[in-house]
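Residue numbers (my numbering), protein chains in the order written: chain S, 9 to 174; chain C, 286 to 636.
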């Protein structure tokens with residue numbers, strides 16, 4: 009006969025095992041750009057200020073939440089290495105993104121995959137939000153796009169870049 | 286009353302009824318036979334009846350005007366400095382490379398009024414458009430001219446365009462106008478083009494009380510160039526700011542919607558931008574595309590939904606944004622601009 013104490017231990021072990029098993033599927037990291045690295049690259053950990061050094065998409069992650077809303081000291085983020093897939097992207101006032109590679113914002117459900125933009129691009133009226141001045145063309149693709157800001161918002165694309173929904 | 290007087294009264298009344306019922310206007314066909322001019326109001330330029338379409342003979346304005354596309358000498362009519370003309374229907378066959386009807390106006394705005402209604406032996410048939418312009422046909426509206434669609438008996442006018450209705454000349458207060466009668470709907474059918482070369486205004490007659498005036502752009506119809514649209518607009522086709530030159534389209538006053546597409550295209554340089562200016566709420570489920578040297582200015586809410594149709598993905602299957610190659614979107618503060626955000630629910634599914 010199993011004692012009540014052993015039963016509790018068994019249930020606890022099952023619960024822990026289940027939690028560990030589920031945890032990778034629920035992992036979703038929120039990254040906030042602070043631009044305090046030595047360059048403007050997405051893959052520079054110091055630009056994101058995580059407690060454990062990290063960057064969006066690291067290790068093949070595809071469901072990170074990315075918030076670019078701190079324009080000092082680096083208003084420009086360079087999407088520098090390999091196509092990036094994330095769950096959502098927010099671009100705040102005074103920013104620019106240089107697309108060396110594509111960004112895809114999607115998780116397969118319509119409530120996510122959001123690209124939200126607000127404010128003026130880096131440089132104001134004459135600035136660019138999305139920069140790509142050479143071929144091949146690059147793009148930010150999202151499931152939906154939203155602008156709803158308490159300030160005027162301007163979105164511009166360079167000659168070899170685009171923003172589109174899928 | 287004496288029996289004789291009673292008989293005369295009955296005869297007179299019967300005669301009046303017969304006359305009014307039998308008269309259904311005249312059908313005129315343009316010949317351009319007068320060697321001296323191509324004026325609409327020159328009877329020598331028309332066959333089929335005495336006078337000219339819209340001359341008001343008989344006190345009625347039920348005439349039908351036909352402009353054939355086979356005139357050997359290319360002498361097509363010009364509406365010029367006449368009193369306002371009201372006819373029942375205008376049919377333009379069209380000839381490649383020709384302006385098949387040019388509507389000029391002088392200092393005062395003149396109206397070419399199409400007043401569609403059933404008369405006698407000519408009831409309104411489903412296949413009869415108030416205005417038809419055949420393949421290669423061009424009807425050109427010059428500055429200050431006004432093309433009206435009004436009726437006391439029908440609610441919806443059909444304009445069947447295979448060719449082009451061109452708003453050719455005039456800007457600001459002088460731009461030509463398409464005027465929709467108070468509370469009426471004008472539907473553009475077929476695959477023709479409303480072309481705003483210099484600028485055209487789509488507006489409505491203001492009544493008391495004022496009723497909504499509506500323009501419906503059919504699924505294959507296009508507006509291209511520069512327009513100010515202040516009526517309700519159901520765009521099921523294509524709205525382009527550009528044709529061969531940059532254009533500006535202002536959506537204002539009454540709301541706009543539909544399943545069609547909004548293209549900000551045709552810009553050629555930073556000094557020659559194309560613009561789509563949203564000054565009224567816009568909803569729908571088509572494509573929003575902003576191309577090189579194109580600017581989409583969003584000053585009122587704009588929301589384009591997805592999956593309104595549950596067919597296979599492809600053109601018109603859902604809302605779509607494409608901002609590319611130097612295109613620009615400006616959204617004013619406090620304004621909501623969203624593309625493809627909301628999946629619609631409970632649409633019928635094709636089995």
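Backbone N, C-alpha and C define an ideal beta-carbon position, used for all residues, glycine too.
How would you label residue i, buried or exposed, when you count the other beta carbons within 10 angstroms and need 16 or more for buried?
| i | result |
| --- | --- |
| residue 39 of chain S | buried |
| residue 60 of chain S | exposed |
| residue 80 of chain S | exposed |
| residue 590 of chain C | buried |
| residue 32 of chain S | Here residue 32 of chain S scores only 42 on pLDDT, less than 50, and its place in the model should not be relied on; the value that follows carries that caveat. By the 10 Å Cβ count, residue 32 of chain S comes out exposed. |
| residue 332 of chain C | exposed |
| residue 355 of chain C | exposed |
| residue 516 of chain C | buried |
| residue 338 of chain C | buried |
| residue 449 of chain C | buried |
| residue 350 of chain C | buried |
| residue 151 of chain S | buried |
| residue 427 of chain C | buried |
| residue 431 of chain C | buried |
| residue 529 of chain C | exposed |
| residue 143 of chain S | exposed |
| residue 522 of chain C | buried |
| residue 569 of chain C | buried |
| residue 503 of chain C | buried |
Considering only C-alpha positions, which residue in the set the options is nearest to residue i?
| i | options | result |
| --- | --- | --- |
| residue 478 of chain C | C:535, C:507, C:497 and C:460 | C:507 |
| residue 512 of chain C | C:433, C:531, C:416 and C:498 | C:531 |
| residue 490 of chain C | C:619, C:560, C:468 and C:504 | C:468 |
| residue 96 of chain S | S:78, S:70, S:172 and S:85 | S:70 |
| residue 457 of chain C | C:573, C:552 and C:487 | C:487 |
| residue 90 of chain S | S:110, S:74 and S:100 | S:110 |
| residue 171 of chain S | C:363, C:631, C:609 and C:437 | C:609 |
| residue 559 of chain C | C:568, C:549 and C:444 | C:549 |
| residue 519 of chain C | C:470, C:481 and C:563 | C:470 |
| residue 525 of chain C | C:514, C:505 and C:551 | C:551 |
| residue 112 of chain S | S:173, S:98 and S:149 | S:149 |
| residue 429 of chain C | C:455, C:588 and C:533 | C:455 |
| residue 443 of chain C | C:397, C:505, C:395 and C:415 | C:415 |
| residue 605 of chain C | C:568, C:334 and C:573 | C:573 |
| residue 464 of chain C | C:438, C:500 and C:474 | C:500 |
| residue 41 of chain S | S:93, S:100, S:94 and S:66 | S:100 |
| residue 614 of chain C | S:126, S:67 and S:174 | S:126 |
| residue 453 of chain C | C:398, C:434, C:509 and C:438 | C:509 |
| residue 571 of chain C | C:544, C:396 and C:395 | C:544 |
| residue 434 of chain C | C:447, C:364 and C:462 | C:462 |
| residue 588 of chain C | S:93, S:74, S:156 and S:64 | S:156 |
| residue 66 of chain S | S:94, S:174 and S:75 | S:94 |
| residue 388 of chain C | C:494, C:372 and C:364 | C:364 |
| residue 158 of chain S | S:74, S:173, S:174 and S:128 | S:128 |
With a CB to CB cut of under 6 Å and the five nearest residues on each side skipped, what residues in its chain are close to residue i?
| i | result |
| --- | --- |
| residue 612 of chain C | 575, 576 and 579 |
| residue 140 of chain S | 107, 146, 166, 168 and 169 |
| residue 45 of chain S | 52, 54 and 55 |
| residue 362 of chain C | 315, 323, 325 and 386 |
| residue 533 of chain C | 511 and 560 |
| residue 124 of chain S | 98 and 154 |
| residue 336 of chain C | 328 and 342 |
| residue 447 of chain C | 419, 420, 475 and 477 |
Within its chain, find whatever has a CB closer than 7 Å to the CB of residue i; leave out the 5 residues flanking it on each side and keep chain order.
| i | result |
| --- | --- |
| residue 88 of chain S | 49, 50, 51 and 108 |
| residue 84 of chain S | 48, 104, 106 and 130 |
| residue 377 of chain C | 352, 385, 386, 417, 418, 419, 422 and 424 |
| residue 565 of chain C | 536, 537, 538, 539, 540, 541 and 585 |
| residue 497 of chain C | 468, 517 and 539 |
| residue 57 of chain S | 40, 42 and 44 |
If you drop the 5 nearest sequence neighbours on each side, which residues of the same chain put their C-beta closer than 8 Å to that of residue i?
| i | result |
| --- | --- |
| residue 317 of chain C | 323, 330, 356, 358, 360, 361 and 362 |
| residue 555 of chain C | 578 |
| residue 460 of chain C | 428, 452, 483, 484, 485, 486 and 513 |
| residue 583 of chain C | 563, 614, 615, 616, 617, 620 and 622 |
Say whether chain A places a C-beta atom closer than 9 Å to the C-beta of residue i.
| i | result |
| --- | --- |
| residue 93 of chain S | The structure shown has no chain A; the protein chains it does contain are S and C. |
*Quick one: which residues of the region 521–551 of chain C get their C-beta closer than 8 Å to a C-beta of chain S? List them in chain order.*
none
*Between the region 308–322 of chain C and the region 161–168 of chain S, are three or more C-beta pairs nearer than 8 Å?*
no
*Would you list, in chain order, the members of the region 607–622 of chain C that have their beta-carbon closer than 7 Å to a beta-carbon of chain S?*
607, 608, 609, 610, 611, 612, 613, 614, 615, 616, 617, 618, 619, 621 and 622
_Against chain C: residues of the region 150–163 of chain S by CB proximity under 9 Å_ = 150, 151, 152, 153, 154, 155, 156, 157, 158, 159, 160, 161, 162 and 163
*Mind listing which residues of the region 63–84 of chain S have their C-beta closer than 9 Å to chain C's C-betas, in chain order?*
none
*With 8 Å as the C-beta to C-beta threshold (strictly closer), list the residues of the region 457–477 of chain C near chain S in chain order.*
none
*Taking a cut of 9 Å between CB atoms, which residues from the region 493–509 of chain C lie near chain S?*
none
*In chain order, what residues of the region 344–374 of chain C put their CB closer than 8 Å to some CB of chain S?*
none
*Note down, in chain order, all residues in the region 556–580 of chain C with a beta-carbon under 7 Å from any beta-carbon belonging to chain S.*
none
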